[in-house]
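Residue numbers (our numbering): 6 to 445.
No residue lacks a Cβ here, since even glycine has one placed at the ideal position from N, Cα and C.
In what follows, a structure is listed as structure tokens, so that the remarks can point back to it.
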Ligand SMILES: [Zn+2]
């Protein structure tokens with residue numbers, strides 16, 4: 006992974022190699038600006054004096070994890086890879102728990118908050134908190150990366166499939182030579198339509214194959230209404246028999262399959278509001294935003310022989326993906342959204358009774374929960390150096406991983422910014438290829 010470089014005015018320069026960064030730091034020409042992602046700031050250089058290349062920030066938004074890759078245009082190299090884990094589910098769980106406690110209190114004779122009237126208006130573009138947090142996480146990281154490297158454009162996976170591609174006469178070159186892109190869009194469409202389950206046995210989480218309901222050998226067409234998804238055993242058992250014969254003993258399954266096949270997938274192109282809202286907000290950054298489909302992403306990744314990973318999917322989003330992506334040695338930065346604490350001052354037990362009170366102050370002795378610190382402990386059971394995210398308490402003993410440390414022993418590596426950091430595995434490409442099933 007490359008190191009981000011800023012000039013004396015905090016303007017981004019081209020990222021450099023870790024070796025170069027070490028030399029600059031050792032000579033005193035640069036200082037560490039940020040640890041995660043690792044960024045140095047030069048003391049003696051202005052952006053105007055340097056050659057700066059353009060970079061693409063590419064995003065593959067997901068509900069649990071979003072992949073982000075920064076690709077340098079001139080070299081087709083992935084200079085940074087980030088995987089952001091969202092906390093949407095945790096937010097929903099916390100809100101549900103709070104709502105349940107409040108409802109419970111109202112029916113008991115305890116202190117409670119009146120239910121509020123449903124007279125609130127919601128502003129335009131309002132999203133539920135769990136979804137808002139996902140979108141905001143991505144916005145934050147895109148903005149952050151744009152500040153750290155000279156970004157010229159953004160690519161975002163907007164829709165899952167693009168059936169227009171099937172009739173697109175412009176698909177040529179690599180798309181024709183190595184299996185059509187249209188096939189990938191079609192698969193994504195079918196996966197969405199049949200909810201990633203086998204049409205005949207309802208199994209999920211198995212590799213699925215595209216299945217002709219009326220077999221080709223009996224005059225069945227390749228039209229979408231004649232296609233479904235089946236797991237390999239089902240597909241093999243059906244063979245070239247017509248569906249009516251295959252499902253003779255299961256008339257209800259037969260009826261369902263035929264009906265599902267006939268019904269077009271409605272609203273599917275507007276699959277999810279989150280992505281469109283993200284698209285709207287990315288456009289507000291002023292950078293050009295390119296849109297890609299999930300089918301295109303998978304196609305790009307597969308023909309380049311890259312394994313499945315969130316950041317690699319991100320690097321393969323959109324038509325701008327270079328023909329040969331240089332991904333060697335990239336180690337993704339795993340970013341976990343942790344939130345910024347809570348405003349709630351009164352902690353309750355599981356029945357809603359107040360059991361503890363949180364102090365108003367967020368800082369204690371110059372630290373706050375979420376700071377990434379180094380602890381140098383000279384003696385005792387935990388002697389040595391420990392690095393991690395602290396949880397403060399309002400007494401001089403903070404929690405660092407599994408140990409308690411005194412604040413005097415701590416020095417800050419990076420201030421809390423609502424995220425936790427770790428590193429993923431370095432990508433090692435084998436010559437054996439992808440090991441990816443055709444439809445997953
Ligand atoms: Zn099956």
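One or two residues paired with residue i in a DSSP bridge
| i | result |
| --- | --- |
| residue 21 | 8 |
| residue 425 | 341 |
| residue 389 | 382 |
| residue 298 | 164 |
| residue 126 | Answer is none; residue 126 lacks a bridge partner. |
| residue 159 | 62 and 294 |
| residue 395 | 405 |
| residue 331 | 82 |
| residue 4 | With the chain covering only 6 through 445, there is no way to say anything about residue 4. |
| residue 352 | 361 |
| residue 417 | 378 |
| residue 44 | 9 and 39 |
| residue 57 | Paired residues: none, contrary to the question. |
| residue 369 | 372 |
| residue 262 | BP columns for residue 262 are empty, so no partner. |
Outcome for residue i when other beta-carbon atoms lying within 10 angstroms are tallied against a minimum of 16
| i | result |
| --- | --- |
| residue 210 | exposed |
| residue 102 | exposed |
| residue 368 | exposed |
| residue 360 | exposed |
| residue 356 | exposed |
| residue 17 | buried |
| residue 94 | exposed |
| residue 26 | buried |
| residue 306 | buried |
| residue 49 | exposed |
| residue 12 | buried |
| residue 61 | buried |
| residue 92 | buried |
| residue 24 | exposed |
| residue 19 | buried |
| residue 83 | buried |
| residue 297 | buried |
| residue 181 | Per-residue confidence for residue 181 stands at a pLDDT of 40, beneath the threshold of 50, marking its modelled position as unreliable; no derived number is given. |
| residue 129 | exposed |
| residue 329 | exposed |
| residue 239 | buried |
| residue 5 | Any property of residue 5 remains undetermined from this structure, which presents the chain solely from 6 to 445. |
| residue 349 | exposed |
| residue 278 | exposed |
| residue 66 | buried |
| residue 183 | Bear in mind that the predicted position of residue 183 carries a pLDDT of just 46, short of 50, making it unreliable; the figure below should be weighed with that in mind. Label assigned to residue 183: exposed. |
| residue 105 | exposed |
| residue 430 | exposed |
| residue 385 | exposed |
| residue 162 | buried |
| residue 447 | Outside the shown range of the chain (6 to 445) lies residue 447, about which nothing can therefore be said. |
| residue 433 | exposed |
| residue 139 | buried |
| residue 21 | buried |
| residue 358 | exposed |
Beta-carbon separation (whole angstroms), residue i vs residue j, contact threshold 8 Å
| i | j | result |
| --- | --- | --- |
| residue 76 | residue 146 | That belief does not hold up - the Cβ atoms of residue 76 and residue 146 are roughly 15 Å apart, past 8 Å. |
| residue 73 | residue 319 | 5 Å |
| residue 193 | residue 299 | 5 Å |
| residue 57 | residue 212 | About 45 Å separates the two Cβ atoms, so there is no contact after all. |
| residue 234 | residue 191 | Actually they are not in contact, since the Cβ atoms of residue 234 and residue 191 sit about 11 Å apart, beyond 8 Å. |
| residue 160 | residue 64 | 7 Å |
| residue 281 | residue 87 | No, residue 281 and residue 87 are not in contact; Cβ-Cβ is about 22 Å, not under 8 Å. |
| residue 208 | residue 236 | 5 Å |
| residue 346 | residue 374 | 6 Å |
| residue 313 | residue 189 | Not quite, the Cβ-Cβ distance comes to about 14 Å (not below 8 Å), so this is no contact. |
Test: residue i CB closer than 8 Å to a CB of chain B
| i | result |
| --- | --- |
| residue 46 | Going by chain labels, chain B is absent from the structure shown, which holds only one protein chain. |
*asked:* Counting beta carbon pairs with one atom in the segment 401 to 408 and one in the segment 365 to 382, are three or more of them shorter than 8 Å?
replied: yes
*asked:* My parser needs the beta strand (DSSP E) runs of 3 or more residues fully inside the segment 199 to 250; what are they?
replied: 213 to 217 and 232 to 236
*Counting only runs that start and end within the segment 63 to 118, where is the alpha helix (DSSP H) found for 4 or more residues in a row?*
93 to 112
*Would you check if the segment 110 to 120 and the segment 40 to 48 touch, i.e. whether three or more CB-CB distances between them fall below 8 Å?*
no
*Does the segment 277 to 297 touch the segment 260 to 268, meaning 3 or more C-beta pairs lie closer than 8 Å?*
no
*Counting pairs of beta carbons, one from the segment 131 to 145 and one from the segment 29 to 37, are three or more of them closer than 8 Å?*
no
_Cβ contact check for the segment 41 to 55 and the segment 279 to 290: 3 or more pairs under 8 Å_ = no
_For the structure I just gave you, are there three or more beta carbon pairs, one from the segment 245 to 264 and one from the segment 214 to 231, closer than 8 Å?_
yes
*Give me every residue whose Cβ sits closer than 7 Å to any heavy atom of ligand 2, in chain order.*
Ligand 2 is absent from the structure shown, which contains only ligand 1.
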